[in-house]
Amino acid sequence: MPNARFEKILLLLILLTALVYLFTLGGYSLIDPDEGRYAEVAREMVETGDYITPHLNYVKFFDKPALPYWLTSISFHLFGINEFATRLSPALLALLGMFYLYKLASIIYNKRAGLITSLIIGTSLLYFLISHITITDMPLAFFITLSLSGFYIGYIERSRDYLLFYCGMALALLSKGLIGIIFPCGIIFWWSIFTKKWEIYKEVITLKGIMLFFAIALPWFIIVCYKNPDFFHYFFVRQHFIRYLTTADNRYEPFWFFIPIIILGFLPWAGFIWTSFKESFLLLWTPPSKQKDSELFLLMWFMFIFLFFSASKSKLVPYIIPVFSPLAVLVGGKIDSILSKKETLKFKTALIWNSLFLFTFSTLLLSLSFIQRDYLLGEILPISLSLFLAIGIGVFSLFIFYKKGKLKEVIIILTILGITNCIASHFFLNIYAEKHTSKYVATFINYQKKPGDLIVQLKGFDQGLPFYLQERVILLSHSNDMSFGNEHETNRFYFINTENLKKLWNSNKRIFIVAYVSQKEEIKSISGRKVEPLIVIGNKCIYSNKPFSMKGVTQGV
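Using the working numbering, the first residue of the sequence shown is number 2, and each one after it goes up by one.
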């Protein structure tokens, strides 16, 4: 296939990938707790007009900085308060990430490598999934990418203008805290050591850049600390150092936890990881060159973040998404090199590993269809089976084209497999969301409640509940996310105890209680008698102290 035609096809596939990203945003309910939490904080900003002090269920919530909430708030103003608007900003940032990685890879390697890199990151399974969930990890990953791309493009082009580096770092700080500074600075530090580029500090440390960083990052932190003196200790000490160094949040995982996550999350390109890394590491022992500088920079970018999170006492799957950016550029450059040099043996090895990873992934999904009791077989089996067959046909096609020496066609098929994975994961997200959302409980209550009625959650806190109810929920007990709010809330009515809940039940106020199916005895203790639930939705029951008509109530559920 001529290179010009190949590049046009790659560009069309990038556009197709972008369409898949945008057309799969609003098709499923918000997933609790994470999506409900971050969407509700943004909704309360829009409702109250307070864009400085984040609130969750109308109490202070300082777990994360404000930028992700601001982005979601803007989306709410433009498109209304709904699931599509909630997920729009992480998806757009993911697409912008594809663009900046295209630019970075084009400068380090060439245009074709840039197009391949853009497709690799866009069709990687975990990157797609994180871009379709409203959490802070995609904003962090993008702004780290923006910062480090800005730095290295400035270095390569000798523009001596590193403003994009400082801008990205400031926005990363506003997205998830201190790692927005630690990652870019730490990566550049270790890169300068391994390449002996000591002179880089004279170029990159500029008064203009530092002033830009402070102008973007400092105002919100200064104002929020002024308005909330308790913010500084909780945000910087509790949420950064204590969370990283201890198991206080019960998120401990072994050191190797992220290795299988990266392999599965980087499908369908994971087979190229080893070849790319091996050859880049070997550059450590070669004379100085542009290729050595570039690939060591990408290696430091990957390794610093990977080791940082692997050493942490607190690990969650989305944390590792920032390493996908340098990984995509490394693999994109390596694939471009293999195509240019026609290194068929390396290509064959990567294809074999890719096939093993893809079949393992699809087989696991198919197996889960039969053993996962939380979901009906009829819900997930059609998707799992379709994906299994699609991967089987795709892998067979890969080797057919490989044997014919059509390596470019193999890359196109891999991309199509990646897009197929993304579409399938959207359907899986839809099914998962149906079991982990507050939407249907809220829909039932909204259908029946009148002004002045109160909603109580008996155990825990489904953080999407106030989002869909668009009002405050009274909590008997709560999740760790509400601990700070509980400690600093002066109106104790909304953090109720059992005795006061009993009084409320027996008052003239009409209340709805959201409880787990297993909490019937607790409801009996509160009401003083056996009470039947109004409705059972999943593992939740809804009770009320005042009878009402059930006619037509299930129409909205």
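Ideal placement from N, C-alpha and C gives every residue a C-beta, glycine not left out.
Which full runs of the beta strand (DSSP E) of 3+ residues lie inside the region 184-237, going along the chain? none
When the Cα atoms are used, what is the spatial distance from M139 to K279? If you number the sequence shown from 1, residue 139 lands on position 138. If you number the sequence shown from 1, residue 279 lands on position 278. Their Cα atoms are separated by approximately 28 Å.
If M301 sits next to F429, beta carbons under 8 Å apart, how far is it from one beta carbon to the other, in whole angstroms? Along the sequence shown, one-based indexing puts residue 301 at 300. Along the sequence shown, one-based indexing puts residue 429 at 428. Actually they do not touch by this definition, with Cβ atoms about 34 Å apart.
Note down the Cα distance separating V1 from F77, rounded to an integer number of angstroms. Residue 1 is absent from the structure shown; the chain starts at 2 and stops at 558.
Taking the alpha helix (DSSP H) that V332 belongs to, which residues open and close that run? For the purposes of this step, residue 332 is identified with residue 331 of the sequence shown, where counting begins at 1. Taken as a continuous stretch (DSSP letters only), the alpha helix (DSSP H) holding V332 covers F325 to K342.
What do you reckon, are the CB atoms on P319 and I145 nearer than 8 Å? What you label residue 319 is simply residue 318 of the sequence shown in a count that begins at 1. What you label residue 145 is simply residue 144 of the sequence shown in a count that begins at 1. No, they are not a contact pair.
Measure from the alpha carbon of F360 to the alpha carbon of each residue in L340, S387 and L285, then state which is nearest. Counting from one through the sequence shown, the residue named residue 360 turns up at place 359. Ranking the options by Cα distance to F360, first place goes to S387.
From the DSSP output, read off the bridge partner residues of V537. Mapped onto the sequence shown, residue 537 falls at position 536. DSSP, once it has assigned bridges, lists C542 as partnering V537.
Give the straight-line distance between the Cα atoms of T248 and K335, rounded to the nearest whole angstrom. Numbered from 1 along the sequence shown, position 247 holds the residue referred to as residue 248. Numbered from 1 along the sequence shown, position 334 holds the residue referred to as residue 335. The alpha-carbon atoms of T248 and K335 are separated by roughly 39 Å.
Is Q458 helix, strand or coil by DSSP? As a first step, residue 458 must be located in the sequence shown, where it is residue number 457. Here Q458 sits in strand by DSSP.
Count the other CB atoms, across all protein chains shown, that sit within 10 Å of the CB of L11; report buried if there are 16 or more and exposed otherwise. For the purposes of this step, residue 11 is taken as the residue at position 10 of the sequence shown. Buried, since its Cβ has 16 or more Cβ neighbours within 10 Å.
Ends of the alpha helix (DSSP H) at I263? The residue labelled residue 263 in the question sits at position 262 within the sequence shown. Here the alpha helix (DSSP H) through I263 covers F259 to G266.
If we count the other Cβ atoms within 10 Å of its Cβ and call it buried at 16 or more, is L16 buried or exposed? Along the sequence shown, read from residue 1 onward, the residue named residue 16 stands at position 15. Exposed, because fewer than 16 other Cβ atoms sit within 10 Å of the Cβ of L16.
R239 to R88, Cα distance in whole Å? Here residue 239 is taken as the residue at index 238 of the sequence shown, counted from 1. Here residue 88 is taken as the residue at index 87 of the sequence shown, counted from 1. Rounded to the nearest angstrom, the two C-alpha atoms are 28 Å apart.
Between E500, L505, R493 and D482, which has its C-alpha nearest G453's C-alpha? Numbered from its first residue, the sequence shown carries residue 453 at position 452. Cα-wise, what sits closest to G453 is L505.
Within 8 Å, strictly: CB atoms of F400 and A271: By one-based count along the sequence shown, residue 400 stands at place 399. By one-based count along the sequence shown, residue 271 stands at place 270. No, they are not a contact pair.
Going by C-alpha to C-alpha distance, which of T124, N229, L285 and I224 sits closest to I413? If you number the sequence shown from 1, residue 413 lands on position 412. It is T124 whose Cα lies nearest to the Cα of I413.
Do S356 and F389 have their C-beta atoms closer together than 8 Å? To locate residue 356, count along the sequence shown from 1; it is residue 355. To locate residue 389, count along the sequence shown from 1; it is residue 388. No, Cβ-Cβ distance for S356 and F389 is not below 8 Å.
Once DSSP output is grouped into helix, strand and coil, what is the label at Y517? Counting from 1 along the sequence shown, the entry for residue 517 is found at position 516. Correct three-state label for Y517: strand.
Please determine, among A43, G28, Y433 and E435, the residue with the shortest C-alpha to C-alpha distance to K61. What you label residue 61 is simply residue 60 of the sequence shown in a count that begins at 1. Out of A43, G28, Y433 and E435, A43 has the C-alpha closest to the C-alpha of K61.
So the candidates are N481, L459, G465 and L470; which of them puts its Cα closest to the Cα of T499? As a first step, residue 499 must be located in the sequence shown, where it is residue number 498. For T499, the nearest C-alpha among the options comes from L459.
Residue environment, Y227, which counts as buried when at least 16 other CB atoms sit within 10 Å: As a first step, residue 227 must be located in the sequence shown, where it is residue number 226. Exposed.
When you compare each of E84, F258 and A443 to E36 by their alpha carbons, which one comes out closest? As a first step, residue 36 must be located in the sequence shown, where it is residue number 35. Of the listed residues, the one whose Cα sits closest to E36 is E84.
Taking the straight line between their C-alpha atoms, what separation do you get for K552 and Y70? Reading the sequence shown from its first residue, position 551 is the one you call residue 552. Reading the sequence shown from its first residue, position 69 is the one you call residue 70. Because the pLDDT of K552 is 49, which lies under 50, any placement of that residue in the model is unreliable, and the question is left without a value.
Under the three-state DSSP convention, the category H56 falls into: In the sequence shown, residue 56 corresponds to position 55, counting from 1. Here H56 sits in strand by DSSP.
Whole runs of the alpha helix (DSSP H) within the region 95-145, excluding any shorter than 4 residues: 112-124 and 126-132
L175 versus G155, L102 and K65, residue with shortest Cα-Cα distance: Your numbering for residue 175 matches position 174 in the sequence shown. If we check each option's Cα against that of L175, K65 comes out closest.
Would you call the CB atoms of L102 and S119 closer than 8 Å? To locate residue 102, count along the sequence shown from 1; it is residue 101. To locate residue 119, count along the sequence shown from 1; it is residue 118. It is a contact, given that the beta carbons lie within the stated cut-off.
State the beta-bridge partners of I512 as determined by DSSP. For the purposes of this step, residue 512 is taken as residue 511 along the sequence shown, with counting starting at 1. L455, per the DSSP bridge assignment.
Tell me whether the beta-carbon of E380 lies closer than 8 Å to the beta-carbon of I432. Indexing the sequence shown from 1 puts residue 380 at position 379. Indexing the sequence shown from 1 puts residue 432 at position 431. In contact: E380 and I432 (Cβ atoms closer than 8 Å).
Once you ignore the five residues that flank I188 on each side, which residues in its own chain have a CB closer than 7 Å to its CB? For the purposes of this step, residue 188 is identified with residue 187 of the sequence shown, where counting begins at 1. Only L149, M301, W302 and F305 meet the Cβ criterion.
Which of helix, strand or coil does DSSP assign to I82? Taking the sequence shown and counting its residues from 1, the one referred to as residue 82 is at position 81. Residue state, collapsed to three classes: coil.
Would you mind working out which of F258, F309 and F166 sits nearest F242, comparing C-alpha positions? Along the sequence shown, read from residue 1 onward, the residue named residue 242 stands at position 241. Nearest C-alpha to F242: F309.
Kindly identify the DSSP beta-bridge partner or partners of F468. Indexing the sequence shown from 1 puts residue 468 at position 467. None; F468 has no bridge partner.
What residue does the alpha helix (DSSP H) around E48 start on, and which one ends it? Taking the first residue of the sequence shown as 1, we reach residue 48 at position 47. D35 to T49 is the span of the alpha helix (DSSP H), which, as asked, contains E48.
Go through its chain and collect everything with a Cβ distance to L23's Cβ below 7 Å, but skip five positions before and after it. Numbered from 1 along the sequence shown, position 22 holds the residue referred to as residue 23. Cβ within range, chain order: A92.
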